[in-house]
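What follows is a set of notes on a single structure, which appears directly below.
Residue numbers (the working numbering), protein chains in the order written: chain A, 111 to 354; chain B, 111 to 354.
Given below as structure tokens:
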């Protein structure tokens, strides 16, 4: 028995998300089905965490136990032969038998892309959040600084998430302008359910002057979801990297 | 009666191309249908030229004659309300009654995107030509120079195109590397059917050392499609701008 770690890219548009669900096709289900076809085994594919419908991945990580005789680094090619084109295994390698994609993750990096223009761009419609308003970017940058560090992020968590602890540390949070796109990078030791999307939605509200940047510390302290901004849509979100 | 010029963006993935066809949904048909809904008129929408199935546009141009009382600059909003999200009108303006999108075009700019990596990227699968081989980029750059200028491009035209003249002038042709993407920009006074895609396919063949760069002048002189390289697929091609 060996433990195989996969690094996975996908476009989330046509899936119900990472996790298997009764109705709807999930990334996890597609990959488990491909593994079954390649190895003959019914495996339990453990992901580093869920991604929602429409959310993309550039570096999702998952692992599974197998008795296959296929060399670990060839498994990616075997799976890619079977998988639909919107899911690609970019790395497959043998790891320690105790490695667990979710429990062993010590951090994650996400990217969030906003397309800021009066009229939406059809080429970005599944890949960026179209915001047809002008932003106060300096105010948004001020607001971003308040998220860095260790905080109780309850106010930035979808209700009924049932997380054990709501304290998380954000190490990096920066914004790059690329032509008509705003690309946010956020990195931390973990993220609550919808946390990145609620942070981005709140920043958009700051950019539109619904909040002032210096209200962010008070929103964090409130630990109350109602005081934060809207939840930015999934299509702008990318899971870039999982750290171990 | 006024003449309205539209500037249009679209993702070509889900259409049979620009031009109306008996079977299959075209960009032209979608926009004519939206104009009918907005103005009540059956118009003939004249495009600057066709784009094939899967080819995208960032700045396609089309015009139509109308008696509508909607202010010209508001027409884009009215049409966008009706059009599917993969087609957007980014500009609508009144132009001289004699303006003709196709006959008056004096040049076009295209972009072609190649994703060069062993494994395809699911996020680019409809937006770039995935080439899973290493390239000799210097050799490709040498080859590119031979296309600039005025030539008979018969060797780089799909057979049975029936163009009156096969002489075209390419003014600009350059390559930018952006992370794992190669972005070609090509600009000229006009392009034969499939000309950009055959030029790019030939360059890929040069990059893979199937041709040497200094064979390009001979291929051009041959005026024979068989001596040029393969036709690069549509998903990497973007009509960027039409010049008048």
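All residues carry an ideal CB built from backbone N, CA and C; glycine is no exception. Source: prediction; values computed, not measured.
Can the beta-carbon of residue i be found closer than 8 angstroms to that of residue j?
i                      : j                      : result
residue 234 of chain B : residue 220 of chain B : no
residue 217 of chain B : residue 162 of chain B : no
residue 267 of chain A : residue 303 of chain A : yes
residue 115 of chain A : residue 165 of chain A : no
residue 113 of chain A : residue 196 of chain A : no
residue 182 of chain B : residue 158 of chain B : no
residue 347 of chain B : residue 314 of chain B : no
residue 189 of chain A : residue 137 of chain A : no
residue 62 of chain A  : residue 297 of chain A : Residue coverage of chain A in this structure runs from 111 to 354, which leaves residue 62 of chain A outside it and unanswerable.
residue 415 of chain B : residue 353 of chain B : The structure shown does not extend to residue 415 of chain B, since chain B is modelled only from 111 through 354, so no value can be given for it.
residue 192 of chain B : residue 144 of chain B : yes
residue 249 of chain A : residue 316 of chain A : yes
residue 294 of chain A : residue 213 of chain A : no
residue 139 of chain B : residue 130 of chain B : yes
residue 308 of chain A : residue 260 of chain A : no
Strictly below 9 angstroms CB to CB, what residues from chain B border residue i?
i                      : result
residue 196 of chain A : 232, 233, 235
residue 166 of chain A : 232, 233
So which of the options has the shortest CA-CA distance to residue i?
i                      : options                    : result
residue 120 of chain B : A:230, A:265, A:307        : A:230
residue 264 of chain A : A:251, A:279, A:252, A:118 : A:279
residue 99 of chain B  : B:213, B:301, B:245        : As shown, chain B starts at 111 and ends at 354. That puts residue 99 of chain B outside it, with no answer to give.
residue 211 of chain B : B:259, B:251, B:175, B:275 : B:175
residue 117 of chain B : B:192, B:131, B:148, B:204 : B:204
residue 169 of chain B : B:192, B:143, B:153, B:198 : B:198
residue 292 of chain B : B:298, B:299, B:284        : B:284
residue 246 of chain B : B:138, B:334, B:321, B:154 : B:321
residue 275 of chain A : A:252, A:299, A:311, A:255 : A:299
residue 208 of chain B : B:173, B:326, B:261, B:286 : B:173
residue 180 of chain A : A:295, A:147, A:155, A:156 : A:147
residue 244 of chain A : A:340, A:227, A:251, A:333 : A:227
residue 286 of chain A : A:251, A:200, A:337, A:237 : A:251
residue 334 of chain A : A:290, A:269, A:345, A:289 : A:269
residue 236 of chain A : A:351, A:111, A:122        : A:122
residue 324 of chain A : A:345, A:262, A:289, A:257 : A:257
residue 178 of chain B : B:153, B:242, B:194, B:200 : B:153
residue 135 of chain A : A:242, A:194, A:311, A:336 : A:194
Name the chain A residues whose beta carbon is nearer than 9 angstroms to that of residue i?
i                      : result
residue 120 of chain B : 232, 233
Cβ of residue i less than 8 angstroms from any chain B Cβ?
i                      : result
residue 200 of chain A : yes
residue 190 of chain A : yes
residue 141 of chain A : no
residue 229 of chain A : yes
Quick one: grab the DSSP three-state call for residue i.
i                      : result
residue 290 of chain A : coil
residue 321 of chain B : coil
residue 113 of chain A : strand
residue 165 of chain B : coil
residue 201 of chain A : strand
residue 155 of chain B : coil
residue 170 of chain B : strand
residue 217 of chain B : strand
residue 353 of chain B : strand
residue 328 of chain B : helix
residue 226 of chain A : strand
residue 139 of chain A : helix
residue 282 of chain B : strand
residue 180 of chain A : coil
residue 147 of chain A : helix
residue 297 of chain B : strand
residue 303 of chain A : coil
residue 193 of chain B : coil
residue 312 of chain B : helix
residue 259 of chain B : strand
Going by the C-beta, is residue i closer than 7 angstroms to any heavy atom of the ligand ATP?
i                      : result
residue 318 of chain B : By its list of ligands, the structure shown contains no ligand whatsoever, and the ligand ATP lies outside what it can speak to.
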